[in-house]
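**Student:**
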Amino acid sequence: MIEKVFVYGTLRRGEPNRPLIEPLVASSLPARVRGDMYTLGEYPAVIPGGGRVRGELLGFTDLAEALRRMDELESYHGPGDPRNEYERAVVRAELEDGRTEDCYCYLYAKPYFLQRFARPVPGGDWLARRL
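The sequence shown runs contiguously to residue 163 in this note's numbering.
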């Protein structure tokens, strides 16, 4: 059973969409997942790939409510729905101490668009893009 969510962009601590889920966050640990990150301007998108994406592994007091809120934000309507901007996928996160944990992560549903029209985020860290 999946109990945590990996966030890598506007849901990270200090970012504009964090207040949406902050009241439900029970734990937060720095983590990484495999993938490639692109910028869509105001927010990032991640697709499966050989790079590393930095973010936070979050635990929640009410996972169902947190997922409902994030599904709405990420335009996720259900597995494989053609309206999805993001798919809620299961990925493996690596914590700083080397442990791994399966978790949910929102991956961009239209990778062909990213590879043609978006710019990669070097280092896979949304917060570092501004440095």
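Just so you know, even glycine gets a beta-carbon here, dropped at the ideal spot from N, CA and C.
#1: Take TYR144 as the anchor and find which of TYR70, ARG84, GLU133, ILE34 has the nearest alpha-carbon.
#2: Could you tell me which whole beta strand (DSSP E) segments of length 3 or greater appear in the segment 100-163?
#3: Contact defined as beta carbons within less than 8 Å: I believe GLU126 pairs with ARG45. What is the distance between those atoms, to the nearest angstrom?
#4: Contact defined as beta carbons within less than 8 Å: I believe VAL122 pairs with GLY87. What is the distance between those atoms, to the nearest angstrom?
#5: Does the distance from the CB of ARG19 to the CB of HIS109 come in under 8 Å?
#6: Do the CB positions of THR132 and ARG124 come within less than 8 Å of each other?
**Tutor:** The structure says:
#1: Nearest C-alpha to TYR144: TYR70.
#2: 118-127, 132-140, all fully within the segment 100-163.
#3: At roughly 19 Å, the Cβ-Cβ gap does not stay under 8 Å, so GLU126 and ARG45 are not in contact.
#4: Their Cβ separation, rounded to whole angstroms, is 15 Å, which puts VAL122 and GLY87 out of contact at 8 Å.
#5: The structure shown has nothing for residue 19, since the chain only spans 33 to 163.
#6: Yes, they are a contact pair.
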